[in-house]
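Peer 1:
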Amino acid sequence: MNGHSHRLSWEAPENALTRALQARRQAGLPICDLTESNPTRVGLPGGPPSLESPALYEPDPKGLRAAREAVARYYADKGARVDPEQIVLTASTSEAYSHLFKLLCDPGDQVLVPEPSYPLFGWLTSLDCVQAVPYPLHFDGEWHLDEGSLRTALDAAPRARALLIVNPGNPTGAFLKTSERSFLDELCAARGLALISDEVFADFAAAADPRRVATVAGESAVLSFALSGLSKVAGLPQLKLGWCAVSGPAAEARRAALRLELIADTYLGVSGPVQHAAGALLEGRRAFQAKLRERLAANFATLAAARPPAASWNLLPREGGWSAILSVPRSRTEEEHALALLDRGLLVHPGYFFDFQSGAYLVASLLLPEAELARAAAVLAAALDH
């Protein structure tokens, strides 16, 4: 016995950036955190409400009907018709992923995941004994699916059971387009794959775009699962409420929802008070989202304005999401760029954190208050052209 399973590589050696960050903190030096992803720490509206705890505990495996109806209304605002009976509440999107991997996969099966994207997928799949198979996104002025690369990845994944998309991407901010959705429907139908769509950032588009797919919820072409939750939608990560909306051919979607109900019944991970408050919390998202969209746009404009015309670095276009991507010179590695910025008090993510396939990138959060971001942008611009 070695005291642990082989699901993960449990050893996690520190990299140079982690060590430098620890040293700076121990020295008491200031840090402007451009990796911030927590909306509760950046002065936005939508603070934690006071939740009442009902005396009677009446668990429903899918989640309380009133809470699921509130989620259905959220989708109706997007123009998607979703039956509350096809919605399963979870404690988070991470839990929803785990439920779906249990539903769709046997140990050793495969799930296609995009790169660049969250570094989380490798951990989530491994914990459910599933293999994550990456497929690259392509950038030619905007990010999009590369049909040939996706087919090649699938050809090398004989045990693929699902294809995962992030709409919009994190950190790319790129939305799924209608032409891409048609391609995915055809591909998933031909290969017998379910489509999983992570839509937690879907409410934060930078501008209108008629090509955009707002959600896969409510569609019927292939078995699909739309994931989201209060963490990003309402800026309330501490309340732990996510959901999975099941869509697809009627009989197949009903069967999947019933099986998800069984999995959820085994864990019953969602607290009662947050379910009772779900309707009010989702209504309250509007003020939070309006303020945050305003801040994201202003901060991105500030970063763009800070770049000198002849700078050796560039700011990639933004469709949505909470991040900015900077293309930086390859004269240094991404980690070396990040370390140089940390020496000046700025913490950013090197691109390899998100598995960029090529080039050299840094990723900066746009969540910070405008004045703080403006100061960081000036330092960043000076450092990258130093």
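The opening residue of the sequence shown carries number 4 in the numbering used here; numbering runs sequentially from there.
Note that the Cβ used here is the ideal one computed from N, Cα and C, for glycine as well.
These numbers come from a predicted model, not from an experiment.
1) Any idea which residues DSSP pairs GLU118 with across the strands?
2) How close, in whole Å, do the beta carbons of GLU39 and GLN360 come, if the pair is a contact with beta carbons under 8 Å?
3) Take GLY323 and list the residues in its own chain whose beta-carbon comes closer than 7 Å to its own, dropping the five residues that flank it on each side.
4) Please identify the residue among PHE357, LEU342, GLN278 whose C-alpha is closest to the C-alpha of PRO57.
5) Within 10 angstroms of the Cβ of GLU202, are there 16 or more other Cβ atoms? Answer buried if so, exposed if not.
6) With DSSP collapsed to three states, give me the class of GLY362.
7) What does a CB cutoff of less than 8 Å around MET4 pick up in its chain, not counting 5 residues either side in sequence?
8) Taking only the alpha-carbon atoms, compute the straight-line gap between PHE124 and ALA163 and give it to the nearest angstrom.
9) Could you round the C-beta distance between GLY245 and GLY232 to whole angstroms and report it? I think they count as a contact, below 8 Å.
10) With 16 other CB atoms within 10 Å as the buried threshold, where does GLU150 fall?
11) What number of angstroms, rounded off, separates the C-alpha of ARG257 from the C-alpha of VAL225?
12) Is ASP201 helix, strand or coil by DSSP?
13) Count the other CB atoms, across all protein chains shown, that sit within 10 Å of the CB of ASN173; report buried if there are 16 or more and exposed otherwise.
14) Taking the continuous alpha helix (DSSP H) assigned at LEU130, which residues delimit it?
15) Can you tell me whether ASN41 is buried or exposed, with buried defined as 16 or more other CB within 10 angstroms of its CB?
16) Suppose you measure from the CA of GLU88 to the CA of LEU370; what does that come to, to the nearest Å?
17) Return the residue from the list LEU263, ALA193, CYS132, ASP143 that minimises the CA-CA distance to ASP158.
18) Could you spell out where the beta strand (DSSP E) holding THR43 opens and where it closes?
19) According to DSSP, is ASN317 part of a helix, a strand, or is it coil?
20) On a Cα-Cα basis, can you pick out the residue from ASN18, ALA83, PRO48, SER8 that is closest to SER250?
21) Using only the alpha-carbon positions, how far apart do PRO320 and ASP131 sit?
22) Quick one: what's ASP36 bridged to in DSSP?
23) Between which two residues does the beta strand (DSSP E) harbouring ALA210 extend?
24) With a CB to CB cut of under 6 Å and the five nearest residues on each side skipped, what residues in its chain are close to LYS81?
25) Spell out the partners DSSP gives VAL169 in its beta bridges.
26) Please check the pair GLU373 and ALA301, which I expect to be a contact at CB under 8 Å, by giving their CB distance rounded to whole angstroms.
27) Looking at the secondary structure, which residues open and close the alpha helix (DSSP H) in which HIS9 lies?
28) Taking 7 Å as the limit between beta carbons, can you name the residues of its chain near LEU107, skipping five residues before and five after?
29) Determine the DSSP secondary structure at PHE228, reduced to helix, strand or coil.
30) For a test of the three-state rule: what should DSSP assign to LEU265, helix, strand or coil?
31) Is it true that the CB of LEU20 sits closer than 9 Å to the CB of LEU342?
32) If you check the beta carbons only, do ALA190 and PRO62 fall under 9 Å apart?
Peer 2: On the basis of the coordinates in this document:
1) PRO139
2) Not quite, the Cβ-Cβ distance comes to about 26 Å (not below 8 Å), so this is no contact.
3) PRO171, GLY176, PHE178, PHE204, PHE207, ALA208, ALA209
4) GLN278
5) buried
6) If DSSP states are grouped into helix, strand and coil, GLY362 belongs with coil.
7) Note that MET4 has pLDDT 43, beneath the 50 cutoff, so the model's placement of it is unreliable and no number is given.
8) 15 Å
9) Correct: roughly 3 Å between the Cβ atoms.
10) Exposed.
11) The alpha-carbon atoms of ARG257 and VAL225 are separated by roughly 13 Å.
12) strand
13) buried
14) Run containing LEU130: 124-130, per the alpha helix (DSSP H) assignment.
15) exposed
16) 35 Å
17) ALA193
18) That residue, THR43, is in no beta strand (DSSP E); it is neither H nor E in DSSP.
19) In the three-state DSSP reduction, ASN317 falls in the strand class (E or B).
20) ALA83
21) 35 Å
22) LEU350
23) No beta strand (DSSP E) holds ALA210; DSSP gives it neither H nor E.
24) ALA217, THR218
25) ASP201
26) 5 Å
27) Taken as a continuous stretch (DSSP letters only), HIS9 belongs to no alpha helix (DSSP H), as it is neither H nor E.
28) ARG164, ALA165, ALA197
29) strand
30) helix
31) yes
32) Note on identity: in this sequence residue 190 is Leu, with Ala being the wrong assignment. No. Outside cutoff.
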